[in-house]
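Asks: As given, the protein sequences belong to chains R and B, one line each in that order. For the first sequence, position 5 matches number 5 in this note's numbering, and the numbering has no gaps at all. For the second sequence, position 89 matches number 89 in this note's numbering, and the numbering has no gaps at all. Backbone N, C-alpha and C define an ideal beta-carbon position, used for all residues, glycine too.
Number of protein chains: 2
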Amino acid sequence: MNILLTNDDGIFAPGLEALHRELKNLGQVAVVAPESEQSAVGHAISLATPLRVKQVALPGGGGGWAVTGTPADCVKIAIAELLPQPPDLVVSGINLGPNVGINVLYSGTVSAATEAAILGVKGVAVSLNTYKDADFDSAASLAGDLVRRLQQWPGWTNGVVLNINLPALPREQIRGVKVTRQDTGKLVERFQRRVDPRERVYYWLAEINEHRCVETDTDYAALQDGYVSITPIHFDLTHYTSLETLKGQGW
Amino acid sequence: MNILLTNDDGIFAPGLEALHRELKNLGQVAVVAPESEQSAVGHAISLATPLRVKQVALPGGGGGWAVTGTPADCVKIAIAELLPQPPDLVVSGINLGPNVGINVLYSGTVSAATEAAILGVKGVAVSLNTYKDADFDSAASLAGDLVRRLQQWPGWTNGVVLNINLPALPREQIRGVKVTRQDTGKLVERFQRRVDPRERVYYWLAEINEHRCVETDTDYAALQDGYVSITPIHFDLTHYTSLETLKGQGW
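(1) Which same chain residues, not among the five before or five after V56/R, have their C-beta less than 6 Å away from its C-beta?
(2) From this set, P71/R, P50/R and N129/R, which residue's C-alpha is nearest T6/R's C-alpha?
(3) Quick check on T245/B: does DSSP put it in helix, strand or coil?
(4) Could you check how far apart the C-beta atoms of L105/R and G42/R are, in whole angstroms? I think they sit under 8 Å.
(5) Going by DSSP, what residue range makes up the beta strand (DSSP E) through N95/B?
(6) Can you confirm whether A44/R, when its beta carbon is compared against all beta carbons of chain B, has any partner nearer than 7 Å?
(7) From L83/R, A48/R, V32/R and E37/R, pick the residue whose C-alpha is nearest to that of L58/R; which is it?
(8) Do you know how far the Cα of I11/R is from the Cα of L1/B?
(9) Give the residues of chain B in contact with G97/R, contact being defined as C-beta atoms less than 8 Å apart.
(10) Would you give the residue range spanned by the alpha helix (DSSP H) that V114/R belongs to?
(11) Listing by chain order, which chain B residues have their CB less than 8 Å from the CB of Y203/R?
(12) Less than 6 Å separating the Cβ of R171/B from some heavy atom of the ligand ADP?
(13) Which chain B residues sit within Cβ distance under 7 Å of L237/R?
(14) Jot down the residue ranges of each uninterrupted beta strand (DSSP E) in the region 170 to 213 of chain B, minimum 3 residues, whole runs only, in chain order.
(15) Between the alpha carbons of D196/R and K54/R, how many angstroms are there, rounded?
(16) Does the contact criterion of 3 or more C-beta pairs under 8 Å hold for the region 94 to 111 of chain B versus the region 144 to 151 of chain B?
(17) Restricting to Cα atoms, I'd like to know which of G97/R, L89/R and P50/R is closest to G120/R.
(18) For F12/B, would you say it is in contact with chain R, using Cβ-to-Cβ distances shorter than 7 Å as the test?
(19) Which value, in whole angstroms, describes the spacing of the CA atoms of S138/R and T241/R?
(20) My parser needs the beta strand (DSSP E) runs of 3 or more residues fully inside the region 8 to 40 of chain B; what are they?
(21) Going by C-alpha distance, which of L243/R, A80/R, E37/R and G248/R is nearest L205/B?
(22) Of the residues F136/B, I45/B and L51/B, which one's Cα is nearest the Cα of A13/B?
(23) Apply the 10 Å Cβ neighbour rule to P232/B and answer buried if 16 or more other Cβ atoms are within range, or exposed otherwise.
(24) Which residues in chain B have a C-beta closer than 7 Å to the C-beta of A281/R? List them in chain order.
(25) Measure from the alpha carbon of L47/R to the alpha carbon of each residue in T238/B, Y203/B and W251/B, then state which is nearest.
(26) Hey, how far is the Cα of K122/B from the Cα of A116/B?
(27) Under 9 Å between beta-carbons, which chain B residues line up against K247/R? List them in chain order, please.
(28) Could you check where the alpha helix (DSSP H) with G144/R kicks off and where it finishes?
(29) Consider the Cβ of S141/R: report whether some Cβ of chain B lies at a distance smaller than 7 Å.
(30) DSSP three-state call for V160/B: helix, strand or coil?
(31) Closer than 9 Å by beta-carbon distance: list the chain A residues that pair up with S127/R, in chain order.
(32) What residue range is occupied by the uninterrupted alpha helix (DSSP H) comprising I77/R?
(33) Would you mind telling me which residues of chain B sit closer than 8 Å to W153/R, beta carbon to beta carbon, in chain order?
(34) If you draw a straight line from the C-alpha of N165/B to the C-alpha of E17/R, how long is it?
(35) Please compile the residues from chain R whose C-beta is within a distance smaller than 7 Å of the C-beta of V32/B.
(36) At 7 Å on the CB atoms, spell out the chain R contacts of G120/B, in chain order.
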């Protein structure tokens, strides 16, 4: 199996390194990832600026391509230009921090996997539910097992991306795996209003509180309860439920 | 009605100016838009960098807020900080160029309207199917009529965004309005490989050819056929069809 590995925390991030080590057990792994951190870039692509690609030595051994662009750019240029043939699988991660609920839309990690699906390749995003003291080795080992099992899922059709979120717990404390839907709970924003040394005002998005439903079948709920969450997502944004009533408006 | 107007081409773009003039007939319009062009930023938000907000005089009269961020940032900061109360409607556009098919995922214009929906406000994105010689006055007049009619759609539930694409045709040549689904045809990328004055290689995404199905109920097909396309979209990316078969894998 040929695997393309990318992320949004940058090519030298420890989460990528740990996952790289693990995925080598599953096949040939090519690493094409952003040169610098690209968190919260969503599904941005570079049109106004060109991309540069640099071969780099990876801290865990072997080489990779560092790209001056977004995670989606990395997947595009890897498949179009850098790899001799399209990979069988694109894996993105391991992200430092969860990607559940509305944050899935802001996530560079997830958008890389979605870009793979757009290009006709299976995509998996892997995120770890902590922002500090991450045990990426343990998470990568679990992620490797999950990817192995998902490869055997006969229902994995083109265009379906698997968004995996891992609890930041020792493996024996993880309660299992739940297949979930994306939480759609509303966000509440807080901007901090600050003043710079030249007495000009600026704003910084300081926290996002999510008012979530008490529903139990979501990615957020699974992670809160100590389960691995796997959410199948896709890139058809159509709200099919509305189609007929909107058509009925007599255009 | 209180309307928030934004875009991704920047606050001084002529497409915004034309739409501003038109929307003033529908209610109070506040303009909060990116200081500079933000095309193809997708649903990026600014976490690593702060936002600055500047009051500017708009070329069409009145004032607006220019934000050093993405379209989604503009909607967030407008609702959280700049406006005295949440708007009844967020309109994004008019974009120079269509936002149909896969490009909906890359579109800053659409992501601004989606951000509105995330925050519980109705969102509309308006794009014009041309990259040059745009007649924004004609397009804005049509967009205004459509927004007026959509306001009367009783089925417009929270979380549903309307992605409107207008043909670049004189109004009498537009064949009507079609309610469509998002085209999901695969993209084919072409990167141009170039060499800079210092003999270093760089790549530039030069064109995106889309292999589209011959299906007629999509946003792309409607626009090609000279119809206005209205696609209801949402921000729940879950692929519900896969949920049960994936659950059945015996986790």
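Replies: Checking against the coordinates, here is how it stands:
(1) The residue you call residue 56/R lines up with position 56 of the first sequence. Around V56/R: G64 and A66.
(2) By 1-based counting over the first sequence, the position of residue 6/R is 6. For T6/R, the nearest C-alpha among the options comes from P71/R.
(3) In the second sequence, residue 245/B corresponds to position 245, counting from 1. DSSP places T245/B in helix when its eight states are reduced to three.
(4) The residue labelled residue 105/R in the question sits at position 105 within the first sequence. The residue labelled residue 42/R in the question sits at position 42 within the first sequence. That pair is a contact at about 6 Å.
(5) In the second sequence, the residue the question calls residue 95/B occupies position 95. Where N95/B is concerned, the enclosing beta strand (DSSP E) stretches over L89 to L96.
(6) To locate residue 44/R, count along the first sequence from 1; it is residue 44. Yes, its Cβ sits closer than 7 Å to a Cβ of chain B.
(7) If you number the first sequence from 1, residue 58/R lands on position 58. Among L83/R, A48/R, V32/R and E37/R, the Cα nearest to that of L58/R is on V32/R.
(8) In the second sequence, the residue the question calls residue 1/B occupies position 1. In the first sequence, the residue the question calls residue 11/R occupies position 11. Per the sequence shown, the amino acid found at residue 1/B is Met instead of Leu. Cα to Cα, the separation comes out at about 48 Å.
(9) On the first sequence, residue 97/R is found 97 positions in, with the first residue counted as 1. What G97/R touches in chain B: nothing, since even the nearest Cβ is about 11 Å away.
(10) Walking along the first sequence from the start, residue 114/R turns up at place 114. Before going further, note that residue 114/R is Thr rather than Val in the sequence given. T114/R -> alpha helix (DSSP H) spans G108 to I118.
(11) The residue given as residue 203/R occupies position 203 in the first sequence. The contacting residues are P50, L51, R52, V53, I77 and E81.
(12) Ligands in the displayed structure: none, and consequently the ligand ADP is not present.
(13) Translated into the one-based positions of the first sequence, residue 237/R becomes position 237. The answer, in chain order, is V104, Q182, I233 and H234.
(14) 177 to 179, 186 to 195 and 201 to 211
(15) As a first step, residue 196/R is located in the first sequence; it is residue number 196 there, counting from the start. As a first step, residue 54/R is located in the first sequence; it is residue number 54 there, counting from the start. Cα to Cα, the separation comes out at about 36 Å.
(16) no
(17) Your numbering for residue 120/R matches position 120 in the first sequence. Nearest of G97/R, L89/R and P50/R to G120/R, Cα basis: L89/R.
(18) For the purposes of this step, residue 12/B is taken as the residue at position 12 of the second sequence. Judged by the 7 Å Cβ criterion, F12/B is not in contact with chain R.
(19) Taking the first sequence and counting its residues from 1, one reaches residue 138/R at position 138. Taking the first sequence and counting its residues from 1, one reaches residue 241/R at position 241. Looking at the two C-alpha atoms, the distance is approximately 41 Å.
(20) 28 to 34
(21) Taking the first residue of the second sequence as position 1, residue 205/B is located at position 205. If we check each option's Cα against that of L205/B, A80/R comes out closest.
(22) One-based indexing of the second sequence puts residue 13/B at position 13. Ranking the options by Cα distance to A13/B, first place goes to F136/B.
(23) Along the second sequence, one-based indexing puts residue 232/B at 232. Buried.
(24) A question about residue 281/R goes unanswered here, because the residues of chain R that appear run from 1 up to 251.
(25) Residue mapping note: residue 47/R aligns to position 47 of the first sequence, counting from 1. Of the candidates T238/B, Y203/B and W251/B, the one whose C-alpha sits nearest the C-alpha of L47/R is Y203/B.
(26) Within the second sequence, residue 122/B is the residue found at index 122, counting from 1. Within the second sequence, residue 116/B is the residue found at index 116, counting from 1. Roughly 6 Å separates the two Cα atoms.
(27) Working through the first sequence from its first residue, we reach residue 247/R at position 247. Going along chain B in sequence order, the residues near K247/R (Cβ under 9 Å) are K178 and V179.
(28) One-based indexing of the first sequence puts residue 144/R at position 144. Counting along the chain, the alpha helix (DSSP H) containing G144/R begins and ends at F136 to L150.
(29) Reading the first sequence from its first residue, position 141 is the one you call residue 141/R. So, not an interface residue.
(30) Indexing the second sequence from 1 puts residue 160/B at position 160. In this structure, V160/B counts as coil in the three-state DSSP scheme.
(31) Structure shown: chain A not included; protein chains present are R and B.
(32) For this step, residue 77/R is matched to residue 77 along the first sequence. Segment P71 to I77, the alpha helix (DSSP H) holding I77/R.
(33) Mapped onto the first sequence, residue 153/R falls at position 153. Neighbourhood of W153/R in chain B, by CB distance below 8 Å: T245, L246 and Q249, in chain order.
(34) The count along the second sequence starts at 1 and reaches residue 165/B at position 165. The count along the first sequence starts at 1 and reaches residue 17/R at position 17. Taking the straight line joining both Cα atoms gives about 43 Å.
(35) Indexing the second sequence from 1 puts residue 32/B at position 32. Those do not exist, as V32/B stays about 12 Å from chain R at its closest Cβ, beyond 7 Å.
(36) On the second sequence, position 120 is the one that residue 120/B refers to. Those are K186, listed as they occur along chain R.
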